[in-house]
Structures are given as C-alpha cells and as structure tokens.
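In UniProt numbering, the protein residues as written are 1 to 153. Comments concern the structure below.
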C-alpha cells in the first residue's frame, strides 16, 4: 500500500498508537476533537501529541493518501462517514468488538457500512481470544483504476 504512517481518529490517551509507533517505527498521528477536554486534566499527559480541528494541518492529515485511517472503539457514525468520505487513501483500520463481546461501536469491525462499495475486508485478527478484532479494509487507488475513479470518491 506504500503508506507512511497511521492517523488515529479519536485516539484518546494514545497508548495503543504510541505502542504501534514504538514497535514499527511508523509515524502515528492522533486526532481528537475537543482540545478543552484533553487540556483540562492537570495530571494527565497523553502518550501521543493530539492534533485538533483548529490546527492548520488537521484536514491534510485526515484526508492524505499517505496514511491509513484508524478507528479504535469509535462510536460516532456521522463523523466516521465524514472522515472516510473525505479520505483520499486506500486503507481503513477498524478496531472494536466482535459478535458476543457485549460492547458496541459504530462502525463495527465486520459491518462498517461504508457508503462506498469499493471498500473490501483485506485482513482481520482477533486480539488474544478477547472477541476484540482488528479489521483492515482496502480499496483500489485511483491509479489502479480508470480515470472515472476520481468521480467515485
């Protein structure tokens, strides 16, 4: 896929993202929406520096084809659709519960309900028998298809 890194939408503390960065050497960017919430915790320092909507490179980071988009236990359908619709890249990673886990996310790892039919499940892995899953979705890049691809995104 030729990716340079990962953009984690709603990364929270950034612990998972920090571990990925340390283990792989990939660049990982963490996006959050509420700067006030994350800066109001006096004794809290996230593992990963957050990027917020008012930051100048926020839009570029979450639409770039150089990064995969990751959603870990994300639960905001409208925002998910908006991020994916504006994303120019080819890889979306969804981490969340499988059937029978007793928790809910939207999107779900195996039923993300993408608005485009071009996304396909490429790989998935259960996390150590927990019924939590990592699901990796891919779509062809515009260079892999014909020129009308630009109109489909």
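We put the beta carbon where it would ideally sit given N, CA and C, even for glycine. None of the values given here were measured: they were computed from a predicted structure.
Going along the chain, which residues of its own chain have a beta-carbon closer than 6 Å to the beta-carbon of residue i, five neighbours each way excluded?
{"i": "residue 21", "result": "28"}
{"i": "residue 126", "result": "133"}
{"i": "residue 118", "result": "139"}
{"i": "residue 88", "result": "63, 65"}
{"i": "residue 58", "result": "51"}
{"i": "residue 2", "result": "none"}
Taking buried to mean at least 16 other C-beta atoms within 10 Å of its own C-beta, is residue i buried or exposed?
{"i": "residue 105", "result": "buried"}
{"i": "residue 225", "result": "Residue 225 lies beyond the stretch modelled for the chain, which goes from 1 to 153, so this question has no answer here."}
{"i": "residue 56", "result": "exposed"}
{"i": "residue 107", "result": "buried"}
{"i": "residue 23", "result": "exposed"}
Going by C-alpha distance, which of the options is nearest residue i?
{"i": "residue 121", "options": "95, 42, 100, 16", "result": "95"}
{"i": "residue 18", "options": "3, 45, 33", "result": "45"}
{"i": "residue 70", "options": "31, 25, 24, 140", "result": "31"}
{"i": "residue 83", "options": "42, 47, 33, 48", "result": "33"}
{"i": "residue 85", "options": "113, 100, 72, 12", "result": "113"}
{"i": "residue 12", "options": "100, 47, 2, 25", "result": "47"}
Distance check for residue j and residue i, CA to CA, integer angstroms please.
{"i": "residue 98", "j": "residue 78", "result": "21 Å"}
{"i": "residue 161", "j": "residue 81", "result": "Outside the displayed range of the chain (1 to 153) lies residue 161, so it cannot be described from this structure."}
{"i": "residue 133", "j": "residue 102", "result": "13 Å"}
{"i": "residue 15", "j": "residue 111", "result": "26 Å"}
{"i": "residue 7", "j": "residue 76", "result": "17 Å"}
{"i": "residue 4", "j": "residue 42", "result": "33 Å"}
{"i": "residue 52", "j": "residue 10", "result": "10 Å"}
{"i": "residue 131", "j": "residue 73", "result": "13 Å"}
{"i": "residue 146", "j": "residue 90", "result": "Per-residue confidence for residue 146 stands at a pLDDT of 43, beneath the threshold of 50, marking its modelled position as unreliable; the derived number appears in the next sentence. In a straight line, the C-alpha of residue 146 is about 15 Å away from that of residue 90."}
{"i": "residue 92", "j": "residue 137", "result": "5 Å"}
{"i": "residue 50", "j": "residue 26", "result": "16 Å"}
When every heavy atom of the ligand COA is checked, does at least one fall within less than 6 Å of the C-beta of residue i?
{"i": "residue 103", "result": "In the structure shown, the ligand COA is absent, as is every other ligand, since no ligand is present at all."}
Leaving out the 5 sequence neighbours to the left and right, which residues in its chain are closer than 8 Å to residue i when beta-carbon positions are compared?
{"i": "residue 54", "result": "35"}
{"i": "residue 109", "result": "94, 95, 96, 97, 98, 124, 133, 134, 135"}
{"i": "residue 151", "result": "Because residue 151 sits at a pLDDT of 41, beneath the cut-off of 50, its placement in the model cannot be relied upon, and the following sentence gives the value as read from the coordinates. Contacts found: none."}
By Cβ distance below 7 Å, which residues in the same chain neighbour residue i in space, the five residues on each side in sequence not counted?
{"i": "residue 100", "result": "131"}
Task: Cβ pair count under 8 Å reaching 3, the region 58 to 74 against the region 36 to 46 - done: no
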